[in-house]
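Residue numbers for the sequence shown follow the working numbering, so the first one is 2 and each next one is one higher. Heads up: the structure comes next, in structure tokens.
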Amino acid sequence: MITYHADHKIFNLSTKNTSYVFGEADGRLFHLHWGKKFDNPFNFMSYLADYQYAAFCANTEEGYCLEPMPLEFSTFGNPDLRQPSLHIRYENGSTDSVFKYESHRIFDGKPGLKGLPATYVEDDSEAQTLEIKLTDEMTNISVYLLYSVYPELDVITRSMRVENNGKETVKILRAMSATMDFVEDGYELIHLHGNHMMERQVDRVKVTKADVSIGSVRGASSHRHNPFMALVKPETTETQGDAYGFNFVYSGNFLAGVSPNIYRGFRAQMGIHPFNSGWVLEPGADFQAPEVVLTYSPSGLGQMSRNFHKLYRTRMCRGKFRDTERPILINNWEATYFGFNEEKLLAMAEKASKAGIELFVMDDGWFGKRDDDKSSLGDWTVDLNKLPHGLDHLGKELNKLGMKFGIWFEPEMISEVSNLYEAHPDWALQVPGRYKNMGRTQYILDLSRQDVCDYIVDAINNVIGSANIEYVKWDFNRNMTNVWSALLDSEKQTEVYHRYMLGLYDVLERITSANPDVLFESCSGGGGRFDPGMLYYMPQVWTSDNTCAIDRQKIQYGTSFAYPVVTMGAHVSDVPNGTVKTTPLQTRAFLAMNGTYGYEFDITKFDDDYLGRLKMYNEMFKKLRHTIHTGDFYRLYSPFETDFASWQYISEDKEQAILFVFANATSHARHTYFIRALDLDPDAIYVEDGTGKEYTGDYLMNIGHMLTSTQEYGNACWVYNKKH
Ligand code: GLA
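What follows is the structure, encoded as structure tokens:
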């Protein structure tokens, strides 16, 4: 997995299909290769000679320029003038550093990152780790670069820790978790942008001679950009060409992007956004930067995504539900909003249970005096006007109906109209003397404070312990403004964003580990915090508040670039719903099946015939759930490029394949489309579920299905089982 060639001072990190190679010279780490597997990198360093000189680039003490060179790690101005990996301000105001290689160690397994989410191993044989120590002799500050290699998953992770063994207090101004210098031009950058109700739209831009970056300064990974990017060649498709995937394991402010070099190539980086950020590092202290997940696919974007999916399903998500089938749920939000009572909920649950739904989720409005969104966040006590017999009773009644009980919280928030705010107005993020900006009539609690975190842990654990609660939806419905904390001195105010994330992760760790049998679903006005960091604590995420089956094709398709289908909350709701489009029930049901599956409407209004159809879809989903949630996922048609969205699953044992297709336009020449499967066994016979028709894998992959349906916003699902 990881070899060090001492004679040539070369590190070779290899996975099943890829290699990542860099070497050391004069104490500096030079990046040599990331891509196709390469087993013999010994003479590699010689090609660096071609890069050493450039006009208007100052020299190192050894007499060459760094700026045209591919580096593994860089600091500003000494003499590299590109965006640095690490930028530190010293007591005298200078920001030059020179970090040189001191030592390294290679060991089996993968260590956790203090206070941060990260991929993990269950057995040390699953991964190997390289830790490189670089030290700035003058200040005695050390940097530990951490590389972990998952050979079977074709994944390499990177992170960085800064340790102050010197005598002065310094400030970290910028710490990028991964720096990757590409030596050639001609790439394109794929990223996922969006807004509330239209998250993770796929955009592909040329990397030319301008900086291209994405990021968030909103205190959350956000709806606007996802902490994911891929670098690809113009010819890269789903099934061929180079695809380099980067994903940041962090839920707060981030920066990712590329910046061209003076001659050719560019520097790609990913890390905490340096804007309004800075960490004071006292003597004896250390700072851990979050993890970046890297995966390279020589065979297109599909394989890149499958690498991310498998890693996240198996070594990012944790707990009982990682390996457990996710229940079909019904949520009362769109059915009732704040206007519900026990009777209404139980009436919904009774019908839902008859239709085969497994979990009832009581959404916003059950606590304090919350009859609209203007009050009560922070007061996590049941509203006895709505639920006169309390939560325990409601849970028992739901259990009698054969349903599990789930509940909504928004623990990081505080309403001005609340008992909590009356008692602790200083707990809200705010700047003294300035107007406090409301978002959805609420403020954000200052999770950089220990007392606030402790309050949240106690309050939420108390509620969960008060009834048989088996599911929690954890919401976060605004972004951060007025970011200042009463407990920190002025120099440390630039730490608040990151301290907030550390506080949040600590709260999540304490609550999820105290409640191992509870399924947690993360949410932020839908998918405003859909990132690998949250998946470490909560194995599913409400993908979007937009449940329109047309818009959702793009949202779920885009989300699949990095995140597995089993993590995507997807529900059937009424039509039209928020958008003008009216779609058939089957289109909505089939689309939501490509996720954790659930419902979000008033089921009490439906007659037996309609309920019978819901039951049929639930039975169908229960049959397909295992393959959808654990199988390999293939994108077939992009809703961003065609009138269709289409994708496919192959079960882990390769015995079953499922194909879905959805129309996203009402008028088009549908007969010209063929849906062709990928990666089946060409010689095997596949039997189509329902019709019993038999096809060879070869036929399904090369001839395929011509679409014949003419239904508006139509859909199809084909299930094939191998014949033996
Ligand atoms: C957010 C969520 C919704 C719902 C509401 C409740 O918008 O995304 O699903 O829970 O909050 O206020």
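Ideal Cβ placement from N, Cα and C applies to all residues, glycine included. Owing to the predicted nature of the structure, the values given are computational and were not obtained by experimental measurement.
- Close CB contacts of LEU131 within its chain, under the 6 Å cut and outside five residues either way in sequence, are with ILE3, ILE107, TYR148 (chain order).
- From the listed residues ASP287, GLU492, ALA571, LYS210, the smallest Cα separation to GLU522 is found for ALA571.
- In this structure, TRP381 keeps its C-beta atom at 8 Å or more from the C-beta atom of PHE361.
- Inclusion of ASP212 and GLY272 in the CB contact set at 8 Å is not warranted, their separation being larger than that value.
- For ILE461, there is no enclosing beta strand (DSSP E); the enclosing alpha helix (DSSP H) has its first and last residue at 451-466.
- The beta strand (DSSP E) runs lying completely inside the region 305-361 and spanning 3 residues or more are 330-332, given in chain order.
- Judged by the Cβ position, ASN478 qualifies as a neighbour of the ligand GLA at the 7 Å threshold, a heavy atom of the ligand being closer than this.
- The continuous alpha helix (DSSP H) containing VAL508 extends over residues 497-515.
- With a cutoff of 8 Å on beta-carbon distance, LEU679 and TYR635 are scored as near each other.
- The distance from the Cβ of GLU343 to that of LEU388 is about 5 Å, consistent with a contact at the 8 Å cut-off.
- Counting along the chain, the unbroken beta strand (DSSP E) around LYS207 starts and ends at 199-207.
- A straight-line Cα-Cα distance of about 11 Å links GLN657 and GLY698.
- Short of 6 Å from the beta carbon of ARG553, and not among the five residues preceding or following it, lie these beta carbons of its own chain, in chain order: LEU592.
- For THR697, the enclosing beta strand (DSSP E) starts and ends at 695-697.
- Restricting attention to alpha helix (DSSP H) runs no shorter than 4 residues, the region 532-613 encloses them at 533-538, 552-560, 586-593, ordered along the chain.
- Around the beta-carbon of MET439, fewer than 16 other beta-carbon atoms lie within 10 Å, marking it exposed.
- Membership of LEU392 in the alpha helix (DSSP H) is indicated by the continuous run 391-401.
- Where ALA26 is concerned, the enclosing beta strand (DSSP E) starts and stops at 19-26.
- A distance below 6 Å between beta-carbons, with the five flanking residues on each side excluded, links ILE133 to the following residues of its chain, in chain order: HIS105, LEU146.
- Exclusion of the five residues before and after ASP40 leaves ASN13, SER15, SER20 as the residues of its chain whose Cβ lies within less than 8 Å of its Cβ.
- For ARG265, DSSP records no beta bridge to any residue.
- As DSSP reads the structure, LEU146 sits in a beta bridge with ILE133, MET161.
- For TYR650, the enclosing beta strand (DSSP E) starts and ends at 645-651.
- Setting aside the 5 residues that flank it on each side, PRO228 is surrounded in the same chain by SER222, ASN248, PHE249, TYR251, PHE255, ALA257, ASP532, each with a C-beta closer than 7 Å to its C-beta; the list follows chain order.
- Note on the region 200-254: whole beta strand (DSSP E) runs with a minimum of 3 residues are 213-217, 226-233, 244-249, in chain order.
- For ASP518, the shortest separation between its Cβ and any heavy atom of the ligand GLA does not lie below 7 Å.
- The continuous beta strand (DSSP E) containing LEU282 extends over residues 280-282.
- Taken from the Cβ of TRP334, at least one heavy atom of the ligand GLA lies inside 7 Å.
- Under the DSSP definition of a beta bridge, LYS474 partners with TRP409, GLU522.
- Taking a 10 Å sphere around the C-beta of GLY187, we find fewer than 16 other C-beta atoms and assign the residue as exposed.
- Non-local C-beta neighbours of ASP364 in its own chain, meaning closer than 6 Å and more than five positions away in sequence, comprise ASN332, ASN333, TRP334, TRP409, ordered along the chain.
- The straight-line gap separating the alpha-carbon atoms of ILE415 and ASP109 is approximately 45 Å.
- In the structure shown, THR4 falls within a strand segment according to DSSP collapsed to helix, strand and coil.
- In this structure the region 469-476 lies against the region 512-530, because at least three pairs of beta carbons, one per stretch, are closer than 8 Å.
- When DSSP states are grouped into helix, strand and coil, MET404 belongs to the coil group.
- When secondary structure is reduced to three states using DSSP, GLN289 falls in the strand class.
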